[in-house]
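Per numbering that gives the first Met the number 0: the sequence shown = residues 0 to 53.
Below: one structure, written as structure tokens.
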Amino acid sequence: MNSEILLEKNQLFLKKGTTYFFRISAYNKFYHFQNGKDQVSTLSDPVEVYFLSE
0 MNSEILLEKN
10 QLFLKKGTTY
20 FFRISAYNKF
30 YHFQNGKDQV
40 STLSDPVEVY
50 FLSE
């Protein structure tokens with residue numbers, strides 16, 4: 000497959016000139032999605048990410 004097509008497909012929602020807000024959570028290397036819910040940190044405050052337009 001053409002890597003340019005895959006890159007474009009995976010980044011469709013990230014557009015230049017738009018600001019995005021994400022909330023982040025972390026976990027350690029022992030985390031298991033079925034029984035390790037207590038190992039996940041609480042969500043962070045919103046993180047602002049933006050891509051400058053050219």
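All residues carry an ideal CB built from backbone N, CA and C; glycine is no exception.
Quick caveat, the model's predicted, so the values are computed rather than measured.
In terms of Cβ geometry, VAL39 and SER24 form a close pair [threshold 8 Å].
For PHE29 and GLY16, the gap between their C-alpha atoms comes out near 38 Å. In this structure, the alpha-carbon of ASP44 lies about 6 Å from that of ARG22. Beta-bridge partners assigned by DSSP to VAL46: PHE21.
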